[in-house]
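Notes follow the structure.
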Amino acid sequence: MSLQVRHLTIARGGIPVLAGLEFTLQEGQVLIVRGPNGSGKTTLLRTVAGLQTSLEGEIIGAAERVAYAGHADGIKAMLSVRENLQFWAQVFGGSDITAALDAYALHPLADRLAGTLSAGQKRRLGLARLVVTGCPVWVLDEPTVSLDADAVGLFADAVRAHLETGGSALIATHIDLGLDAEVLDVSPFRASASHHSGASDEAFL
Amino acid sequence: MIALLLRDLRLAFRAGGGFGLGLAFFLIVTTLVPFSVGPEAVLLGNIAPGVLWLGALLACLLSLDRLLALDYEDGTLDLLVTAPLPLEAVVSIKALAHWVTTGLPLVLAAPFFGVLLNLPTAGYGPLVQSLALGTPALSVIGTFGAALTVGIKRGGLLLSLLVLPLYVPTLIFGAEAARRGASGLDTSTPLIMLAGITFGTIALMPFASAAVLRMGLR
Amino acid sequence: MSIWSYANPVKFLALSTKVQPFLWAAAAMCVVVGLLWGFFGTPDDFRQGSTVKIIYLHVPSALMAINAWFMMLVTSLIWLVRRHHVSALAAKAAAPVGLVMTLIALITGAIWGQPMWGTWWAWDPRLTSFLILFLFYLGYIALWEAVEDPDTAADLTSVLCLVGSVFAVLSRYAVQFWNQGLHQGTSVPVATGGRTVSDVFFYPLALCMVGFGLLFLALVLYRTGTEIRLRRTKALRVRAERSA
Chain C
27 MSLQVRHLTI ARGGIPVLAG LEFTLQEGQV LIVRGPNGSG KTTLLRTVAG LQTSLEGEII
87 GAAERVAYAG HADGIKAMLS VRENLQFWAQ VFGGSDITAA LDAYALHPLA DRLAGTLSAG
147 QKRRLGLARL VVTGCPVWVL DEPTVSLDAD AVGLFADAVR AHLETGGSAL IATHIDLGLD
207 AEVLDVSPFR ASASHHSGAS DEAFL
Chain L
179 MIALLLRDLR LAFRAGGGFG LGLAFFLIVT TLVPFSVGPE AVLLGNIAPG VLWLGALLAC
239 LLSLDRLLAL DYEDGTLDLL VTAPLPLEAV VSIKALAHWV TTGLPLVLAA PFFGVLLNLP
299 TAGYGPLVQS LALGTPALSV IGTFGAALTV GIKRGGLLLS LLVLPLYVPT LIFGAEAARR
359 GASGLDTSTP LIMLAGITFG TIALMPFASA AVLRMGLR
Chain Y
556 MSIWSYANPV KFLALSTKVQ PFLWAAAAMC VVVGLLWGFF GTPDDFRQGS TVKIIYLHVP
616 SALMAINAWF MMLVTSLIWL VRRHHVSALA AKAAAPVGLV MTLIALITGA IWGQPMWGTW
676 WAWDPRLTSF LILFLFYLGY IALWEAVEDP DTAADLTSVL CLVGSVFAVL SRYAVQFWNQ
736 GLHQGTSVPV ATGGRTVSDV FFYPLALCMV GFGLLFLALV LYRTGTEIRL RRTKALRVRA
796 ERSA
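Residue numbers (my numbering), protein chains in the order written: chain C, 27 to 231; chain L, 179 to 396; chain Y, 556 to 799.
Written out as structure tokens, the structure reads:
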């Protein structure tokens, strides 16, 4: 089942940032979202993940199928790496975390408290969470921040493995991951100043 | 859901989790009361049920601003919203974890603190009964307050201002039951009212909490 | 034409600007005439003496203190269901007015209570309920101030108003259970139609009540207008920034 976005208009702080957005994410496909800072990439990803509501348009096939990873990893410092992963696995109805530990080479760290990890290691733990969710659609916001070259390679491998099982991914990133991916440039969809549809202060103009 | 409960309990018991803070605060309040009103045993015995109830209420309030704010700061809350758990269940579990780590120890410790305040013998049973019935309501209402203020920087003081008026009915019926018990009167009416408030809030408040949490995270 | 067309801020502003002068005039006339009539045109009560005359401030302000919250409850519901911005802003505008009405009721009550009951304050159910209402107003206003995004603030305060209303009613009954009071019963029970005040006191009192109601309406319209203009200014500034 593909994820379809139809005529989507999204707002940040009550002001439309992107309007008339259309794209389809097929099974086994990666879509890289690009655009300058402040263009609304994060807002788009949060809207697809269901954390924000859109002003217009519809998102088909996202309900309960999306795993989201944003700037914060949702890691508890006082739990070990294993406990952190096990918790998210149980929340999403799974239990096996070995695959996730394998994918990001976390086995040596499994019993360390997450609070003692470096920034890059924490990020790997945050990304390993996606594997245990078992969700078919990954929505990732700058996933490679603070990762070194090796870890970026691990991440690209994990995405590839995810695609092979029929999954798909929507990734906002600036670096080249070496994936066979299509690019969605959001710049053309920038909402014009005259676009007020549904914005919270529209009624006052 | 059980995983969420276990995680919250585990976090509370580990270092820095804040378990026992509420209990220590309760002890300090109980200790300070005789200093402020004088050591007279009869007077202390008279005010003991009310002081213990107020102390328990304030101890509950103390830990509320950590209830959702910590999960908000590290991004867990965003991830929980996108998880296949109903948000109503998430806030209920959060409230349950708060009660187990804060309310339950207070209920168990209250008789010992009653000794410090010279609580009449007849009052121990009703005190524990009323606290056991009333503190779950404090946790559930408190979760609503925490959900209201989750996105607000330094929302701690605002949280107290919002939650304390909502605590009025619980406090009135709870302390009334404890007070009647201490003077040997029948406690069934206030206890029934207290149970009504507690079960009512447990049934309905999670919907309000989840609704404001969704609004606040948007 | 449906009443909802006035949910449009521009139309609302146009209408409210038009009716406001008349509203202010009517409110001022009712309040001034009612108070003067009450203070100078009615005899002293045989038991309470001239202190009874504070009733012309006390009762109307207490009435409006409760009705203001009720109005906030209705407008909050309208915001949650129909998402009309004017409704949310009217609730925001009404809160400080309600707060002041509650304060007036509490203060005049204390001034009246001193010679009557021999004390400025008693933990009587009615007094206590008003104190709790005062706290609810404070929390509601503080929440509006604390949330930055205006729509989120409207959402959160609306739910707080709903939940607060339930707890305010609960508190009212809890307080009644907790302490039977000194306060006399309602002077003008609307539900039963009977009343305990004689006509000579009732007519100026009714005039004051109408006056306070009109005053409240005028204040809320005025304050809502201010809030709408604030939002309009903000929206225009954002648009100017975006096209630059």
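Beta carbons: idealized from backbone N, C-alpha and C, even for Gly.
Quick caveat: nothing in here was measured; it's all calculated off a predicted structure.
In the structure shown, the three-state DSSP call for H640 (chain Y) is helix. At a cut-off of 9 Å between C-beta atoms, P384 (chain L) does not count as an interface residue with respect to chain Y. Between H276 (chain L) and S338 (chain L), the gap from beta carbon to beta carbon reaches 9 Å or more. Cβ proximity to chain C below 7 Å picks out nothing from the region 268-291 of chain L. According to the DSSP secondary-structure assignment, P42 (chain C) is paired through a beta bridge with C:A37. Neighbours of A229 (chain C) in chain Y, taken as residues whose beta carbon is under 7 Å from its own, are N563, P564 and H640 in chain order. C-alpha of P264 (chain L) to C-alpha of R797 (chain Y): approximately 39 Å in a straight line. Between the alpha carbons of H188 (chain C) and A324 (chain L) lies a gap of roughly 37 Å.
Closest in C-alpha terms to G196 (chain L), from the list L:G312, L:V229, L:L240 and L:A234, comes L:L240.
In this structure, the alpha-carbon of A198 (chain C) lies about 6 Å from that of L166 (chain C). When secondary structure is reduced to three states using DSSP, L47 (chain C) falls in the strand class. Y94 (chain C) sits in a strand when the DSSP states are folded into three classes. Judged by DSSP secondary structure, L57 (chain C) falls within the beta strand (DSSP E) whose first and last residues are V56 to R60. Chain C places a beta carbon closer than 9 Å to that of I180 (chain L), counting this residue as a contact. For the region 694-723 of chain Y, the residues whose beta carbon sits under 7 Å from a beta carbon of chain L are, in order, G694, A697, L698, A701, V702, T707, D710, L711, V714, L715, V718 and F722. In the DSSP annotation of this structure, the continuous segment of the beta strand (DSSP E) that includes I197 (chain C) starts and ends at S194 to A198. Per DSSP, the continuous beta strand (DSSP E) segment holding D211 (chain C) begins and ends at E208 to D211.
Looking only at L:F290, L:R396, L:A353 and L:L274, the smallest Cα-Cα distance to M383 (chain L) is reached by L:L274. Using a Cβ-Cβ cut-off of 9 Å, E266 (chain L) does not count as an interface residue toward chain Y, since no Cβ of chain Y sits closer than that to its own.
About 4 Å separates the Cβ atoms of F351 (chain L) and L372 (chain L), confirming a contact at the 8 Å cut-off. One finds L77 in chain C with Cβ atoms closer than 7 Å to the Cβ of V259 (chain L), taken in chain order. For the pair A287 (chain L) and F213 (chain L), the CB atoms are not nearer than the 9 Å cut-off. A buried status is given to A154 (chain C), since no fewer than 16 other beta-carbon atoms sit within 10 Å of its beta-carbon.
Here P42 (chain C) is near A217 (chain C), since their CB atoms are less than 9 Å apart. A distance below 9 Å separates the beta carbons of S631 (chain Y) and S642 (chain Y). At a cut-off of 4 residues, the continuous stretches assigned as alpha helix (DSSP H) that sit fully inside the region 562-611 of chain Y are 564-596.
The residue among L:L349, L:M393 and L:F385 with its C-alpha nearest the C-alpha of S270 (chain L) is L:F385.
Annotation for Y250 (chain L): V328 place their beta carbon closer than 6 Å to its own, counting only its chain and skipping 5 residues before and after.
Between W114 (chain C) and chain L, the shortest Cβ-Cβ separation is below 9 Å. Taking a C-beta cut-off of 8 Å against chain Y, none of the residues of the region 188-218 of chain L qualify. Take I659 (chain Y), set aside five residues on each side of it, and the residues of its chain with a beta-carbon closer than 6 Å to its own are S616, in chain order. Closest by C-alpha distance to P368 (chain L), out of Y:S684, Y:F732 and Y:S753, is Y:F732. Residues of chain L with a Cβ closer than 9 Å to the Cβ of A729 (chain Y) are, in chain order, V346, P347, T348, L349, I350, F351, E354, M371 and I375.
About 6 Å separates the beta carbons of K148 (chain C) and D99 (chain C), which is inside the 8 Å limit, making them a contact pair. Counting along the chain, V259 (chain L) sits inside no beta strand (DSSP E); it lies in the alpha helix (DSSP H) bounded by residues T254 to T260.
Cβ-Cβ separation between G593 (chain Y) and L769 (chain Y): approximately 17 Å, too far for a contact (criterion under 8 Å).
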